[in-house]
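Encoded as structure tokens, the structure appears first; notes follow it.
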Amino acid sequence: MKAQVLLPKIFNFSFTYETKKEKLTPGDIVEVPFGKEKATGVVWPDKIFAPKDIKIKNIHKKIGKISLNKNFINFMKWFAMYNVTPLGLVLKMVIGGNKNLFIKNDKNFDLRIIKAKKFNLNQEQNNALKFLNSKNNRFDVSVLQGTTGSGKTLVYFERIKKIIAENKQALVLLPEIFLTNEFKSRFYDFFGFEPAIWHSKITPKNKRIIWNGIINNNIKLVVGARSSLLLPFKKLGVIIVDEEHDTSYKQDEGVIYHARDMAIARASFEKIPIHLVSAIPSLETFNNIQNKKFRHFKINKRYADYPLPKTKIVNLNLKKIKNSFVSDESIEIVKKFLEKGEQVLFFLNRRGYAPYLICKNCGYKQICNNCSMYLTFHKSKNKAVCHHCSSEKKIFNKCKNEKNCDFIMYGPGVEKIYEEVSKLFPTSKIEIFSSDYMKKKDHTNSLFNRIRNNQVDILVGTQMISKGFNFPKLNCIVVIDADFSGRGYDLRTTEKNIQLYNQLSGRAGRFSSESLIVYQTLSPENITLNELIKNNPDEILKKELISRKENSLPPFCRLIAIIISANNQSLSIEGAREIKTRLSKINGLEIMGPVDSPLLKIKKKFRSRLLIRFNEKSLKQKMVSNLLNSLKISSKIKLTVDVDPVNFG
42 MKAQVLLPKI
52 FNFSFTYETK
62 KEKLTPGDIV
72 EVPFGKEKAT
82 GVVWPDKIFA
92 PKDIKIKNIH
102 KKIGKISLNK
112 NFINFMKWFA
122 MYNVTPLGLV
132 LKMVIGGNKN
142 LFIKNDKNFD
152 LRIIKAKKFN
162 LNQEQNNALK
172 FLNSKNNRFD
182 VSVLQGTTGS
192 GKTLVYFERI
202 KKIIAENKQA
212 LVLLPEIFLT
222 NEFKSRFYDF
232 FGFEPAIWHS
242 KITPKNKRII
252 WNGIINNNIK
262 LVVGARSSLL
272 LPFKKLGVII
282 VDEEHDTSYK
292 QDEGVIYHAR
302 DMAIARASFE
312 KIPIHLVSAI
322 PSLETFNNIQ
332 NKKFRHFKIN
342 KRYADYPLPK
352 TKIVNLNLKK
362 IKNSFVSDES
372 IEIVKKFLEK
382 GEQVLFFLNR
392 RGYAPYLICK
402 NCGYKQICNN
412 CSMYLTFHKS
422 KNKAVCHHCS
432 SEKKIFNKCK
442 NEKNCDFIMY
452 GPGVEKIYEE
462 VSKLFPTSKI
472 EIFSSDYMKK
482 KDHTNSLFNR
492 IRNNQVDILV
502 GTQMISKGFN
512 FPKLNCIVVI
522 DADFSGRGYD
532 LRTTEKNIQL
542 YNQLSGRAGR
552 FSSESLIVYQ
562 TLSPENITLN
572 ELIKNNPDEI
582 LKKELISRKE
592 NSLPPFCRLI
602 AIIISANNQS
612 LSIEGAREIK
622 TRLSKINGLE
632 IMGPVDSPLL
642 KIKKKFRSRL
652 LIRFNEKSLK
662 QKMVSNLLNS
672 LKISSKIKLT
682 VDVDPVNFG
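Just so you know, the sequence shown maps onto residues 42 to 690 in the working numbering.
The following block contains the structure:
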């Protein structure tokens, strides 16, 4: 008897094997010979394809008694089709291509149970819970929108409790790895046990324990980053996507996909409800609420009725700051909060010390050798770093007069602001809150503890701090440079800004009626900033929808970006032209380009782009995929397909 086996490799098809010993069904996990090696694969529900001239090899053995279920297999097929990616790579995301995943000598997942704390919901939260509970055993997309600090998390915790009581599993998606540990303690308090945490940095042993616990329905609750969406749940009952608007849900390396959109698809295949949670929804979600495709509930009051921070605009044009990035007005405001023993955040969305280094004598610019990017100077390393390829170099260059270049540092990063704030407030305890400083788990945990125990007076942070953290004593935020201009190649600039600054203001005043957010800006008349201050995000999103519709942009069309990379620029443009000619044979596609990418060179590869636009009601991916697979593409060219691109760098 023959069976088709899908392998976790870069193939879009399954392979035929002979099965002699036992009856196999689709979803069973097997070990097979592949070339000179052994490989782990999954019996796949494809038609048997057995070429006559090839000797068919035998399946070695079935691994364990576990099996991927039919709904999950159908979701994987759809995922591969939608994202124009080989099916084998989707399987690799599921099983990791590693037979050690199925070794059985590990202990079970450690469930340390304590007595859960008692939390009482207020009237609005109770109404929100009833709303979520009203559609239980079928596919339904509902949006839980709530002011930052309104207690949305408690509402969906109660929702999860009901699902677990029904012996089903729950998945909570978070946009960033570092948020999972912050959430872990909140889950522990509420449920009395820790959830299984899943992301790319957990150990292989923990992956094995959790993966096997999930497929056997022994683990009921998973909190994870994007990749947890492809776990083999046996009895999934609900999916929750927290901070659903966050663009970190877009995976932009390897298999490119948007985890929020794929979560909605998975819920559809599993025939279960999904809840999208946000203070300000993404434009796509907002549009679906307006069109009544998604149900919607809004919590208007903050938990315990504390008001949102007051706002103040400091016009940097009126009071020129000499050799300083913090205005005198901001300094006086900060002093008052520090005198009351409250915490202050200086916010600047730029890592490092200085984003540009230019020699004042010869004009030499520190640019990455591999990418068309300015290098950012990091004082902590005393090196210039590329934020795309992570290459580092010492800031040394011979000038035209044979002396060393004399570099001027333009524009501040968080390290520069930290240095300046340390001079302005010498007696305060100051910490940087940025991804470069939060890579070590021990540092992150101890910093959180110090902040909560009021052992930190001032934080200097990037946008990382705006996401889901709860700092009880933080009551003043100074935005160093409230810039709403965007970079020219991101159609989501307005949307991202309003979400970022709304999230940011929500970090302050969670337990105080006197909190303030100060916007230092060179453009005080900016429309987005002023709508933001009125706390009227719906109006901005409605205007943004009108603008997108007028310009035929998502969500009123679908886009697929094709990036063509090569060692030299002409090769990449030539390849793009050839692909455009072939793609133009598909009806209903508008193909724009080729153009050079705004980020022309990344990791020594020159990049050209094609942008395909088509009707939002149609799925052209299958045709595009079939055509790209039929091309004989030179090995000197690499193609990357990005369905529903978030930005155009």
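Just so it is clear, CB atoms sit at the ideal spot from N, CA and C, and this is done for glycine as well. All of these numbers come straight from a predicted model, not from anything done at the bench.
Of all alpha-carbon atoms in V519, K376, S183, N490, the one lying nearest the alpha-carbon of P513 is that of N490.
Exposure of N667 is indicated by the presence of fewer than 16 other C-beta atoms within 10 angstroms of its C-beta. In the same chain as F378, and ignoring 5 residues on each side of it, the C-beta atoms closer than 7 Å to its own belong to V385, N516, C517, in chain order. Restricting attention to V196, L586, N99, Q45, the CA atom closest to the CA of V84 is found in Q45. Taken in chain order, the complete alpha helix (DSSP H) segments of 4 residues or longer contained in the stretch 230-311 are 245-256, 300-311. In the structure shown, D579 adopts helical secondary structure according to DSSP, grouped into three states. A contact between stretches requires three or more CB pairs, one per stretch, nearer than 8 Å, and the stretch 114-132 meets this requirement with the stretch 675-689. Around the Cβ of E456, a 10 Å sphere holds 16 or more other Cβ atoms; the residue is buried.
Contact fails between the stretch 656-676 and the stretch 632-641, because fewer than three Cβ pairs, one in each stretch, are under 8 Å apart.
Counting every other CB atom within 10 Å of its CB across the protein chains shown gives D69 a total of 16 or more, marking it as buried.
For M414, the three-state secondary structure derived from DSSP is coil. The stretch 259-279 makes no contact with the stretch 640-658: fewer than 3 CB pairs, one atom from each, lie closer than 8 Å. Exclusion of the five residues before and after S241 leaves I218, A266, S268 as the residues of its chain whose Cβ lies within less than 8 Å of its Cβ. Across the set N208, D230, D287, the C-alpha of N208 shows the shortest separation from the C-alpha of I255. Put simply, of F160, F198, G190, K159 the residue whose alpha carbon is nearest the alpha carbon of N174 is F198.
Ranked by Cα distance from S564, the first of D524, N112, E585, D579 is D524. Around the C-beta of R648, 16 or more other C-beta atoms lie within 10 Å, and the residue is accordingly described as buried.
A contact between stretches requires three or more CB pairs, one per stretch, nearer than 8 Å, and the stretch 70-90 meets this requirement with the stretch 102-120.
Counting C-beta atoms within 10 angstroms of its own C-beta, Q164 has fewer than 16 neighbours from the protein chains shown and is therefore classed as exposed. In this model, I238 and R533 are separated by some 31 Å (Cα to Cα).
Its chain contains P635, S649 as the residues whose beta carbon lies nearer than 7 Å to that of I614, once the 5 sequence neighbours on both sides are disregarded; these appear in chain order.
Here DSSP, grouped into helix, strand and coil, assigns E591 to helix. Listed in chain order, the beta strand (DSSP E) elements of length 3 or more contained wholly in the stretch 585-634 are 599-607.
K312 places its beta carbon less than 8 Å from that of R179. In the DSSP annotation of this structure, the continuous segment of the beta strand (DSSP E) that includes D683 starts and ends at 678-684. Shown here for K508: same chain residues with a beta carbon closer than 8 Å to its own, the five before and five after excluded, namely P216, E217, L220, E284, D287, Q544 in chain order. Here P127 is near F52, since their CB atoms are less than 8 Å apart. In terms of Cβ geometry, K133 and A91 do not form a close pair [threshold 8 Å].
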